[in-house]
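Residue numbers (the numbering used here), protein chains in the order written: chain Y, 1412 to 1731; chain L, 198 to 457.
Where is the CB? At the ideal position from N, CA and C, for every residue including glycine.
Everything below concerns the one structure shown next.
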C-alpha cells in the first residue's frame, strides 16, 4: 500500500472524509471579507500612508516608545516587589498585616487606574510638603512634594501601585497552589519559615505565578497610554496624539501608535510563549542542567509539574 | 534494654491530649522510647497514632500534656515557677532539626534532584558548606542503594526510590531520633521491601526510631517495643512477642485478626 511497501498495517483504512461544505463556504466568505479589509486599508487615501511612514520613525515617537517601555517595566518591577510583600502579609498570622494587605488590594483593585493616576498627579495639591520625622512628632527633613514626585514618578507610582494589587492576588494564588506537605517536610527538617518560603515554596509557586505575570506585562504596556491623566506627556500615545493634532492628521498617527504597541506586544508574546514553555505548561524539553552523575532529561520546571505538588489554577489566566 | 535504668529516655510523652476543634484525638497518651530502641505504633486508622507521631516534632501542637525529646521539653520553656512560655519558631525549628521525619507521601522537593534534596537542609539549616553536604549526601544515597540516581528528579524515581531518598534526606541532618509515618502505605506492594530493608538496616545501626505502620512483619522482626493504640489511647504495649502473639486486650486481638 505505502510507497515503500513496508506498511506495518496491512489493512490500513483509506476512507473518504465526511463532506463539510459549510467549512468551505465559511472560509470563502471570511477570505473575501479579509481581502476587502486589507484592500480598504491600503487604498483608502484617508489613511495617509505617506504620513504614517514619515512619522513611524520620528524621533519624538521613538522616544515615546522608550518612555512607554520604561513605564511598563518600571511599574511592573514596583508591582512585583510590592505584590510579593502583600501576598506574604496576606498569609501571615498577624491580623493587622492581613487586613492591611486586604484593604490595599480592595482599594487599588476597586478604583479605576485612570482615577488613581489623576490622584497621583494631584498629590502635591493634597500634600504640598513631604517630611521625614517621628509620626505625630517632630520633623527632620521637609521636601516640596512637587519637586520629589515629578510627573514621571507620579505615573510610575500610579501604575506600579495599581498593578501590585493585581499581582498580589496572582502571587497569593501561586503560593497557595503549593502542596502543604512541602512546607511540612521542610519544617520537619528544621528550616525556618523564611527559608521554607525562599527555598521550597516560592521556586515551586513560580511555575504558577510567572505565566500570568507575563500577561500582566503585556497588559501594562497598553495601560501606560493612560498616563496623560497625571499628566505625563512623553509616552507613545501622548507623543503620537500631539503630532496628529499639530498636523491635523490624527488617523495616520493613531496607526503609528497602534503599530508600535502591536510590535512590542508581539515581541512580548514571543517571550511569554517561551516563559510558559519553560514553566512546564509546554513540553518541558529545555536543556538539562549540569551536575549529578547522570544528566536527567527532565527540565527543572517540568520536574515540578510532574511532581504534582502545585496545582494549576484556571482562574489565574488573565487576558491582556 | 542496653541503656542504664535511670538514663533519660529519648522520647518521653506524658498525658498527651490533642483536640482538633471538638474532636478529641489523643486522650492522655503516655509513651517512653529509650535511646537506640525501635518503637512500632500500631492501630486502626483514626486511632490517633499519626497525630501522636506528628506531636513528637511539633508538626502538631499538643492541647495538653508534654513531650520531652532527650530530656528537652518540646515547644516550651519552663520557668522556675513551672509556668510554660512558648518558644520562638526559630527555637522550635532548632529542636526539629534533631528529629528526622519520613512521610507516607514522601514530600520530596520536586524542583531538586535526589542529591539536592539530601543536601538542602544541611546547607540551609546547619550552615554546612556545599562540598561537605554533597559528600555526606552522596554517602547517604549510596547507603540507601541510590548511587546511580543522584541526578534524578523525584518525578523520575519510583515510589520506593523516592521514599529511600526521603530517608536519606532525614538522615543528612544527623538526627538523634527518626519518625516514620506509615512509610510504606503509599507504595506498590513490590516496592515495600526495599524501603523496609533500609529501615531494618537503620535499626540495626542503633538509630532510635518511632514507626507508625501496618507492617506487622516489620514490627515482629525489628521492634523492641510495640504500642497498640485505639480511639486516642494506648490500649496495650510491650515486647513484640507479647503484644503480637499473645495480646491481652480484646481490641488488640480484633485488630490483629484483621491485618494478619
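| Beta-carbon of residue 1696 of chain Y versus every beta-carbon of chain L: anything under 8 angstroms? | Confidence at residue 1696 of chain Y is low in this model, with a pLDDT of 38, below 50, so its placement is unreliable and no value can be given for it.
| said: Is residue 370 of chain L close to chain Y? Criterion is C-beta to C-beta, closer than 8 angstroms. | reply: yes
| query | Which whole-angstrom value is the C-beta distance of residue 347 of chain L and residue 310 of chain L, which I expect to be below 8 angstroms? | reply | 7 angstroms
| said: Considering only the alpha carbon of each residue, which of Y:1585, Y:1522, Y:1610, Y:1495 lies closest to residue 1597 of chain Y? | reply: Y:1610
| query | Do the stretch 395 to 415 of chain L and the stretch 324 to 336 of chain L make contact, defined as three or more Cβ pairs closer than 8 angstroms? | reply | no
| message | Applying the 10 Å Cβ sphere with the 16-neighbour rule, what's the burial state of residue 1515 of chain Y? | response | buried
| field | residue 283 of chain L versus residue 272 of chain L: straight-line alpha-carbon distance, rounded | value | 6 angstroms
| message | Residues of the stretch 1603 to 1616 of chain Y in Cβ contact with chain L at a cutoff of 7 angstroms, in chain order, please. | response | 1603, 1604, 1606, 1610, 1611, 1614, 1615
| In terms of alpha-carbon separation, which member of Y:1506, Y:1460, Y:1502, Y:1443 lies closest to residue 1604 of chain Y? | Y:1502
| message | Check whether chain Y comes within 8 angstroms of residue 329 of chain L, counting only Cβ atoms and requiring the distance to be less than that. | response | no
| said: Would you say residue 1600 of chain Y lies against chain L (beta-carbon separation less than 8 angstroms)? | reply: yes
| query | Taking the alpha-carbon positions, what's the residue 1460 of chain Y to residue 1483 of chain Y distance? | reply | 29 angstroms
| said: By the 7 angstroms beta-carbon criterion, what residues does the stretch 1584 to 1595 of chain Y contribute toward chain L? | reply: 1592, 1593, 1595
| Does the distance from the C-beta atom of residue 300 of chain L to that of residue 394 of chain L stay below 8 angstroms? | no
| Quick one: what does DSSP say residue 1555 of chain Y is sitting in, helix, strand or coil? | strand
| query | Secondary structure at residue 532 of chain L, three-state DSSP: helix, strand or coil? | reply | The shown model of chain L, from 198 to 457, leaves out residue 532 of chain L, and the question about it has no answer.
| query | Which residue comes first and which comes last in the alpha helix (DSSP H) that contains residue 342 of chain L? | reply | Segment: none, residue 342 of chain L is in no alpha helix (DSSP H) and carries neither H nor E.
| field | Where residue 1587 of chain Y sits in the DSSP three-state scheme | value | helix
| message | For the structure I just gave you, are there three or more beta carbon pairs, one from the stretch 1579 to 1592 of chain Y and one from the stretch 1642 to 1659 of chain Y, closer than 8 angstroms? | response | no
| said: Closest to residue 270 of chain L by C-alpha separation, out of L:312, L:237, L:209, would be which residue? | reply: L:209
| Quick one: what does DSSP say residue 1427 of chain Y is sitting in, helix, strand or coil? | coil
| Near-chain Y residues of the stretch 272 to 295 of chain L - C-beta to any C-beta below 7 angstroms | 286, 287, 290, 291, 293, 294
| task | In angstroms with no decimal places, state the Cα-to-Cα distance between residue 1575 of chain Y and residue 1440 of chain Y. | result | 45 angstroms
| request: Would you give the residue range spanned by the beta strand (DSSP E) that residue 297 of chain L belongs to? | output: 296 to 299
| Proximal residues, the stretch 254 to 272 of chain L versus chain Y, C-beta separation under 8 angstroms | 254, 256
| query | Name the DSSP beta bridge partners of residue 1684 of chain Y, please? | reply | Per DSSP, none; premise fails for residue 1684 of chain Y.
| request: Assign residue 212 of chain L to one of two classes, buried (16 or more other C-beta atoms within 10 Å of its C-beta) or exposed (fewer than that). | output: exposed
| residue 419 of chain L vs residue 230 of chain L beta-carbon contact at 8 angstroms | no
| field | Separation of residue 1714 of chain Y from residue 145 of chain L, as counted between CA atoms | value | Here chain L covers residues 198 to 457 and nothing more, so residue 145 of chain L does not appear.
| request: Mind listing the chain Y neighbours of residue 322 of chain L? Cutoff is C-beta to C-beta under 7 angstroms, in chain order. | output: 1600, 1601, 1602
| query | For residue 245 of chain L versus residue 403 of chain L, is the C-beta distance shorter than 8 angstroms? | reply | no
| Nearest candidate by alpha-carbon position, reference residue 357 of chain L, set L:386, L:257, L:377 | L:386
| task | Using a Cβ-Cβ cut-off of 8 angstroms, state whether residue 1711 of chain Y counts as contacting chain L. | result | yes
| field | residue 298 of chain L vs residue 367 of chain L beta-carbon contact at 8 angstroms | value | yes
| Helix, strand or coil: which one does DSSP assign to residue 471 of chain L? | Since the first and last residues shown for chain L are 198 and 457, residue 471 of chain L lies out of range.
| field | Opening and closing residue of the alpha helix (DSSP H) in which residue 313 of chain L lies | value | 311 to 321
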